[in-house]
Amino acid sequence: MSTSTPSRGRLADGLPLSSAAGPYFGEFGGRFVPEALVAALDELDAAFTTAWADPAYRAELAELERTYTGRPSILTEVPRFAAHAGGARVLLKREDLNHTGSHKINNVLGQALLTKRMGKTRVIAETGAGQHGVATATAAALMDLECVVYMGEEDTRRQALNVARMRLLGAEVVPVTTGSRTLKDAINEAMRDWVANVESTHYLLGTVAGPHPFPTMVRELHRVIGVEARAQVLDLVGRLPDVVAACVGGGSNAMGIFHAFLDDEGVRLLGLEAGGDGVETGRHAASITGGAPGVLHGTRSYLLQDEDGQTVESHSISAGLDYPSVGPEHAWLAATGRAEYRPVTDDQAMQAMRLLSRTEGIIPAIESAHALAGALEEGRRLGPDGVVLVNLSGRGDKDVDTAARWFELVDAGDMVEAEDVRTARADEGVHDGPDLPGSAAPAGPGRRDEGVPASGPGSRADRGDAQGPA
Numbered sequence: 001m002s003t004s005t006p007s008r009g010r011l012a013d014g015l016p017l018s019s020a021a022g023p024y025f026g027e028f029g030g031r032f033v034p035e036a037l038v039a040a041l042d043e044l045d046a047a048f049t050t051a052w053a054d055p056a057y058r059a060e061l062a063e064l065e066r067t068y069t070g071r072p073s074i075l076t077e078v079p080r081f082a083a084h085a086g087g088a089r090v091l092l093k094r095e096d097l098n099h100t101g102s103h104k105i106n107n108v109l110g111q112a113l114l115t116k117r118m119g120k121t122r123v124i125a126e127t128g129a130g131q132h133g134v135a136t137a138t139a140a141a142l143m144d145l146e147c148v149v150y151m152g153e154e155d156t157r158r159q160a161l162n163v164a165r166m167r168l169l170g171a172e173v174v175p176v177t178t179g180s181r182t183l184k185d186a187i188n189e190a191m192r193d194w195v196a197n198v199e200s201t202h203y204l205l206g207t208v209a210g211p212h213p214f215p216t217m218v219r220e221l222h223r224v225i226g227v228e229a230r231a232q233v234l235d236l237v238g239r240l241p242d243v244v245a246a247c248v249g250g251g252s253n254a255m256g257i258f259h260a261f262l263d264d265e266g267v268r269l270l271g272l273e274a275g276g277d278g279v280e281t282g283r284h285a286a287s288i289t290g291g292a293p294g295v296l297h298g299t300r301s302y303l304l305q306d307e308d309g310q311t312v313e314s315h316s317i318s319a320g321l322d323y324p325s326v327g328p329e330h331a332w333l334a335a336t337g338r339a340e341y342r343p344v345t346d347d348q349a350m351q352a353m354r355l356l357s358r359t360e361g362i363i364p365a366i367e368s369a370h371a372l373a374g375a376l377e378e379g380r381r382l383g384p385d386g387v388v389l390v391n392l393s394g395r396g397d398k399d400v401d402t403a404a405r406w407f408e409l410v411d412a413g414d415m416v417e418a419e420d421v422r423t424a425r426a427d428e429g430v431h432d433g434p435d436l437p438g439s440a441a442p443a444g445p446g447r448r449d450e451g452v453p454a455s456g457p458g459s460r461a462d463r464g465d466a467q468g469p470a
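Going by the UniProt record's numbering, the first residue of the sequence shown is number 1, and it counts up by one from there.
Have a look at this one:
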C-alpha cells in the first residue's frame, strides 16, 4: 500500500497513480471509526484481499457480470446531442443498460459474494436515489441474504418508485427521519445498525467513501467500467479521448471510469459536482468546489462544513448526489491536480437531461445529466476534433416525476391529485402490497423547499425562478 504524495502523473516513489491502494491517498482516507467496528473492517479487508487474488472469486464475479449484469456495457456515439457540443464527438458508456439500470450493480455483486464468503447472512445498505438500494436488494434476493436499506425520508418521497422496487425484491426499507432526511443521515443509521449487528451483518456501502477498505474495494469493483471504455474508445476512434467526464457525489461511477485513465496524462479527468442553486448561494452539494478537508463517515476528505467545522446540509435536485462529502481518492486527485472538479447547477443538469432525451431518445438519470452538462461545455471548448467520453451512470425512469414537475409536462392539478392519493394511502397504512417485509410508510414525490409551491401564484415557475421542484 502506498501513502505517497504524488505529482500530477506519478506517485512520489515513482509508481503509477493507479497503484495507490489506501488506506491513505495523500492526506485523505484512513479509518476513523468506533472501536467496535475495527475488527469488522479488518475482517473485510482480509476477505477482500484474499478474494481479489483468488481466480475462483474473480471468475464467479465475471460470470455474473456477463450473464446477470449484461457486461460489457456498450459505447454509444450521440451525434445529434454532440451538435450542441461544438461538434466534438461525444461517446456514452452505457452503464444505464446494466441490470437494475445503473453502475451500482457492479459493486453490490462483488460485495454480496464477499458476504457469503464471510459466512454472514444479512446485508444493510444506505441509498440516496435508490439505485444502490435497488441493486443491493437485487443481489440479496439472488444470493438469499436478508436485506435492510436505510433511506432518508426526503429521498423516499423523491424516489418512491425505487422504494417500491426494493420492497418488491423483498428488502426492508427504513425511512430515516433525522437531520436533513437524506443520504448523509441514511449512512449514519446504517453505521449504527452495523455496530449493533456486526457479527451477522455486512454493511454493503455504495460508494468510494467511508473507512478503509471501502474506498479501495468499491473502486476495484467498479474499475471494469473504465477498463472496458478505454478499449472501446481505442477501437472506435483509434486514440484515447481528450476528456473523460462523470458526475460526482460520493464518486463511485466517476472513480470507476477514471481509474483506467489515471496514468494517461494526456486524458483530462473531469468530475461534475452537484452545484444545486449555485455554489455562491450555499444551496449545493459541491464538496470539493465549496468544501474543506474534514472527517465524515469514517474517512478524511473534502467536506461541506461551517466555520466551526460542523457539517452543513447539502442540496441537489439529484438525490444520488445530495451528499456533503466525497470519496477520499477524489479529494486526493483534486488536491494534486490530476482530476478537475466543477459544479453544475440543477438547471444546467435538467436542460442537459432534456436535450439528450429529445436528440437521442435516451432519458438519463439526473445524476448522469450533470456529466452531460459538463460534456457540452468541454465539447464547445474542444471543437470538432475533440472526443469526450461520458459515463452514463444510470437511466432516468426514477426521475421522470421530477422532470415532469420541472418542465411542467403534465397538468399540475393531476399531479397534486395523484400526490393526495398517495398521502391518503400512507395515512391509511396502505402500502405497496400485502405482507411485504419492510413496509415502512410509503411516500409520494416531494421536495426540500416545501414552502414554495410547484405552480400557481407564488410558485418558482410563476416568479420566473430557474429553480424547479425536486
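Even for Gly, the Cβ is constructed at its ideal location relative to N, Cα and C.
Computed from a predicted model, the values in this text were never measured in an experiment.
Asked, Found
"Can I257 and I225 be called in contact, C-beta distance under 7 Å?", "yes"
"Using DSSP's beta-bridge definition, name the partner residues of T311.", "Q305"
"To the nearest angstrom, report how far apart C147 and R239 are at their CA atoms.", "44 Å"
"Based on Cα-Cα distance, which residue from L372, P72 and V173 lies nearest to E228?", "P72"
"So if DSSP puts H202 in a beta bridge, which residue, or which two residues, is it bridged to?", "V123"
"Would you decide whether T156 is buried or exposed? Buried here means 16 or more other CB atoms lie within 10 Å of its CB.", "buried"
"Measuring alpha carbon to alpha carbon, tell me which residue in G86, G249 and L221 is nearest Y341.", "G249"
"Less than 8 Å between the CB atoms is what I'm expecting for F32 and R300, so what's the real figure, rounded?", "7 Å"
"May I ask you to report which of helix, strand or coil DSSP gives S252?", "helix"
"Could you tell me which of A292, P324, V295 and L236 sits nearest to A285, measuring between CA atoms?", "P324"
"Quick one, which of E307, Y150, L234 and C247 has its alpha-carbon nearest D264's?", "L234"
"Could you work out which residue in A331, M350 and H99 is closest to G70 when comparing CA atoms only?", "H99"
"Thinking C-beta only, is V390 closer than 7 Å to A375?", "yes"
"Quick one: Cα of P23 to Cα of G251, how far?", "17 Å"
"State the Cα-Cα distance for the pair E199 and R230, rounded to the nearest angstrom.", "40 Å"
"If you run the structure through DSSP and keep just helix, strand and coil, what is D277?", "strand"
"E154 to Y302, Cα distance in whole Å?", "24 Å"
"Note down, in chain order, each residue of its chain lying with its Cβ closer than 8 Å to the Cβ of R165, except the 5 sequence neighbours on either side.", "G130, V134 and A137"
"I'd like the list of long-range same chain contacts for K120, defined as Cβ closer than 7 Å, with 5 residues on each side in sequence excluded.", "S200, T201 and H202"
"The alpha helix (DSSP H) spanning P55 covers which residue range?", "P55 to L64"
"What is the C-beta distance between R89 and V237, in whole angstroms, given that I count them as a contact (C-beta under 8 Å)?", "7 Å"
"Which value, in whole angstroms, describes the spacing of the CA atoms of E27 and L168?", "43 Å"
"Tell me where the beta strand (DSSP E) around V174 begins and ends.", "E172 to V176"
"Does DSSP put F25 in a helix, a strand or coil?", "strand"
"Please state whether DSSP places L17 in a helix, a strand or coil.", "helix"
"Taking Cβ positions, are P215 and E43 nearer each other than 7 Å?", "no"
"Contact check, H212 vs L37 under 8 Å by CB: the rounded distance?", "Between L37 and H212 the Cβ distance is about 11 Å, and since that is not below 8 Å, they are no contact."
"Taking the CB atoms as reference points, tell me whether L92 and T76 lie closer together than 7 Å.", "yes"
"Expressed to the nearest angstrom, what Euclidean distance is found between the alpha-carbon atoms of A171 and D13?", "46 Å"
"Counting only the same chain and skipping the five closest in sequence on each side, list residues whose C-beta sits under 8 Å from that of L436.", "Residue placement at L436 cannot be trusted, given a pLDDT of 28 that sits under 50; what the coordinates show is reported in the next sentence. Once the five neighbours on either side are set aside, the close Cβ partners of L436 are R167, L168 and G170."
"Considering just the uninterrupted stretch of the beta strand (DSSP E) at M151, what are its terminal residues?", "E146 to G152"
"Got a sec? Which residues, its chain only, sit under 6 Å from I362 by beta carbon, not counting five neighbours each side?", "L356"
"Quick one: complete alpha helix (DSSP H) runs, 4+ long, within the stretch 70-96?", "79-82"
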